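Visitor: Take the sequence shown: its letters are residues 85 to 568, numbered as in this note's numbering. Ideal Cβ positions, reconstructed from N, Cα and C, are used throughout, including at glycine. All values derive from a computational prediction rather than experimental measurement.
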Amino acid sequence: MSEGEEVLLYVYDVSAGVAATLSPALLGRKIDGIWHTAIIVYGKEYYFGSGGIGVAIPGSVVGEPLQKIKLGVTYIPFQVFEEYVNGLAESEFRGDAYHILKHNCNNFSDALSNFLVGTGIPAHILSLPDEIINTPFGATIRPLIEQFATNSPVLDRIRRDISPEFLQLNSDIEAARNEISNGYRMSEGAEVTTEVDPSVQLAENLAEAERKEREERRKNREPPIVFKDAVDVHIEFDALVGLIDGKLNDEEQQSLEELHQYMLQDEGSWALGDSFLVFIGRLLTDKTFGDEVSMRCLNVLSAAALKDDVILMLHQDRKQHILMNYAYEVDRLPLPQQKGITLFICNLFENSGSSEWLLYISEWPFNNTQISNIRVTTKVAVNAVLSEDEEMRDRGTAIIYNLATKEVFDDVAVELTMAILQFLNGTPVEAQLFRCLKSLAQFCQISAQDVPQLIQMIGPHPSKFKGQSERNDQLIEEISKRLR
85 MSEGEEVLLY
95 VYDVSAGVAA
105 TLSPALLGRK
115 IDGIWHTAII
125 VYGKEYYFGS
135 GGIGVAIPGS
145 VVGEPLQKIK
155 LGVTYIPFQV
165 FEEYVNGLAE
175 SEFRGDAYHI
185 LKHNCNNFSD
195 ALSNFLVGTG
205 IPAHILSLPD
215 EIINTPFGAT
225 IRPLIEQFAT
235 NSPVLDRIRR
245 DISPEFLQLN
255 SDIEAARNEI
265 SNGYRMSEGA
275 EVTTEVDPSV
285 QLAENLAEAE
295 RKEREERRKN
305 REPPIVFKDA
315 VDVHIEFDAL
325 VGLIDGKLND
335 EEQQSLEELH
345 QYMLQDEGSW
355 ALGDSFLVFI
365 GRLLTDKTFG
375 DEVSMRCLNV
385 LSAAALKDDV
395 ILMLHQDRKQ
405 HILMNYAYEV
415 DRLPLPQQKG
425 ITLFICNLFE
435 NSGSSEWLLY
445 ISEWPFNNTQ
455 ISNIRVTTKV
465 AVNAVLSEDE
475 EMRDRGTAII
485 YNLATKEVFD
495 DVAVELTMAI
505 LQFLNGTPVE
515 AQLFRCLKSL
525 AQFCQISAQD
535 VPQLIQMIGP
545 HPSKFKGQSE
555 RNDQLIEEIS
565 KRLR
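#1: Can you find the residues in the same chain that come closer than 6 Å, C-beta to C-beta, to ASP240, ignoring five residues on each side of it along the sequence?
#2: What three-state label does DSSP hand ASP473 in the structure shown?
#3: The alpha helix (DSSP H) spanning VAL169 covers which residue range?
#4: Note down, in chain order, each residue of its chain lying with its Cβ closer than 7 Å to the Cβ of ARG269, except the 5 sequence neighbours on either side.
#5: Reducing DSSP to helix, strand and coil, say where LEU155 ends up.
#6: Looking at the structure shown, is ASP97 part of a helix, part of a strand, or coil, going by DSSP?
#7: Which same chain residues end up closer than 7 Å to TYR412 when comparing Cβ atoms and leaving out the 5 residues on each side of it in sequence?
#8: Is LEU172 close to chain B? Criterion is C-beta to C-beta, closer than 8 Å.
#9: PRO449 bridges to which residues according to DSSP?
#10: The beta strand (DSSP E) spanning VAL139 covers which residue range?
#11: Look at the alpha carbon of SER553 and the alpha carbon of LEU487, and state the distance between them as a whole number of angstroms.
#12: Roughly how far, in whole angstroms, is the beta-carbon of PHE162 from the beta-carbon of TYR131, given that I think they are within contact range, below 8 Å?
#13: Closer than 6 Å by C-beta to SER197: which residues in its own chain qualify, once you throw out the five before and the five after it? Chain order, please.
#14: Just to confirm my understanding: we take VAL414, look at its own chain, exclude 5 residues before and 5 after, and list those with CB closer than 6 Å. What are they?
#15: Check the DSSP bridge columns for ILE124 and list the partner residues they point to.
#16: Sort LEU524, TRP119, VAL169 by Cα distance to VAL146 and report the nearest one.
#17: Considering only the alpha carbon of each residue, which of TRP354, LEU390, LEU367 lies closest to ILE309?
#18: Below 8 Å on the Cβ atoms is my guess for VAL91 versus ILE123; work out the distance and round it to an integer in Å.
#19: Is LEU559 close to the ligand SAM? I mean its beta-carbon at under 7 Å from any heavy atom of the ligand.
#20: Can you name, in chain order, every residue of its own chain whose Cβ lies under 8 Å from the Cβ of VAL201, other than the five neighbours on each side?
#21: So is ASN452 buried or exposed if we call it buried at 16+ other beta carbons inside 10 Å?
#22: Do you know how far the Cα of ALA497 is from the Cα of LEU212?
#23: Sort SER175, ASP180, VAL95, VAL377 by Cα distance to ASP392 and report the nearest one.
#24: From ASN409 to GLU447, what distance separates their C-alpha atoms?
#25: Could you give the residue range of the alpha helix (DSSP H) that holds ARG519?
#26: From ALA503 to GLN537, what does the alpha carbon distance come to, in whole angstroms?
#27: How far does the alpha helix (DSSP H) with GLN540 in it reach, from first residue to last?
#28: So what's HIS187 in DSSP terms, helix, strand or just coil?
#29: Which residue's Cα is closest to the Cα of ASN188: LEU210, ARG380, GLY171, ILE395?
#30: How many angstroms separate the CA atom of PHE493 from the CA atom of GLU306?
#31: Since TRP441 is in the alpha helix (DSSP H), which residue starts that stretch and which ends it?
#32: Return the CA-CA distance between TYR485 and GLY326, expressed in angstroms with no decimal places.
#33: Where does SER547 land, buried or exposed, given buried means 16+ other C-beta within 10 angstroms?
#34: What are the boundary residues of the alpha helix (DSSP H) that ARG366 is part of?
#35: For the putative contact between ALA387 and MET347, defined by C-beta atoms under 8 Å, what is the C-beta separation to the nearest angstrom?
#36: Give a yes or no on whether the C-beta atoms belonging to PHE311 and LEU417 are separated by under 8 Å.
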């Protein structure tokens, strides 16, 4: 096994010492700093600001950090990490999603840390904004913090307009430079002039060509299978309100109003407060409400899953895992709730950010076991495709199809293959058969040895389904070529 890559947290004070000076008078206790953090891994510094995600040579953007904290060692391949970061850059960590107090560099560092080593950054860094704002002097100090964010020389150096392709482009340029430079080295920290070195220009041209090729592949990628018309959100929301009317406290009533604004008034997901998912958790699990409440809630969430900013709601769940803990117990739920959570998971594939969220591998403990987003997603898919209910099987094959269009690991490909083979012992309709065959063809590429062996040993052989449709026959031929 590889020795892995060390993961460090660089900690900077964006107040440049002002917080330590003023906090005793304003708060009654000393605040050592207002923290900006970045993750150091694979020889690069990854950070987040109002311009989006950035990457640089460690220490070259802000300078020497106040602290360097070792978070652990990661064994995740760089390509997988890079795809993960690119997904974040296009979704929950876009530049326009940045907020100095609610959604900042430290939240980004925490997300990367959890992805890379399975643990977050120190809690005192993440909790600092709440500690300050929740004091009697919070109203006084908040404008000061935001002024630091606006005028800080530290953040000014990292504030720029970064396109979603910035990280990949940066990597491509560096790789191309290494290949064509023939010993040419640019001194670190040198000022960039308007006169571009020919080798650098060629590298940038190569990177741009590769970027366009990736973008073209992305455009040509088959769209996910989702169910946009499965529920009428107006009917579901009205029914939900009728069932819980008079049973909520003031905070929960506010969360219900936030849900109304988000789903029916097209407000952005920033309308959802910090307690919103706790409210959702109660609707899903509080037996005093009755089963219909959780069913209606899941149907509303299934409509929310189609919204392009739902990733910001999901991001709120990174600590308590309310949604995924509930989904992990899908096999213990009544059938209507199973249908609802399966529809929710399936519809999350509509947008790249939420679909990538479903694949996160960072683990957390739940009921004496370690689970992750990808494990939950896989379990929901398998439970659905092996259900006796036709609607569940339809949604289950859709989830598996959507997963197959992603880069999943071998163990996931093997588990889904076994579920597909069991499903194929029945008589699937053409559309569901297509999804399964398409997935098997992809899984044969992901796990080139195990998946073909499973198909041969367990069966049925794909040729059993020959003659249903031309597109399925093509897939059967493709899979058969991989069987020995």
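Guide: Taking the geometry as given:
#1: With a pLDDT of only 48 at ASP240, under the threshold of 50, the placement of this residue in the model should not be trusted; the figure read from the coordinates follows. Excluding positions up to five away in sequence, the list is empty.
#2: coil
#3: 162-173
#4: Legend: pLDDT at ARG269 = 42, less than 50; position of this residue unreliable, no value from coordinates given.
#5: strand
#6: strand
#7: PHE450, ILE455, VAL460, LYS463
#8: Looking at the structure shown, chain B is missing, and only one protein chain is on hand.
#9: GLN454
#10: 136-140
#11: 23 Å
#12: Not really, about 18 Å apart at Cβ, beyond 8 Å.
#13: LEU155, GLY204, ILE205
#14: GLN422, ILE425, VAL464, ASN467
#15: LEU92, GLU129
#16: TRP119
#17: LEU390
#18: 7 Å
#19: As for the ligand SAM, it is missing from this structure, which has no ligand bound.
#20: VAL91, LEU155, GLY156, VAL157, THR158
#21: exposed
#22: 41 Å
#23: SER175
#24: 12 Å
#25: 514-530
#26: 15 Å
#27: 534-542
#28: strand
#29: LEU210
#30: 20 Å
#31: 436-441
#32: 37 Å
#33: exposed
#34: 360-369
#35: 6 Å
#36: no
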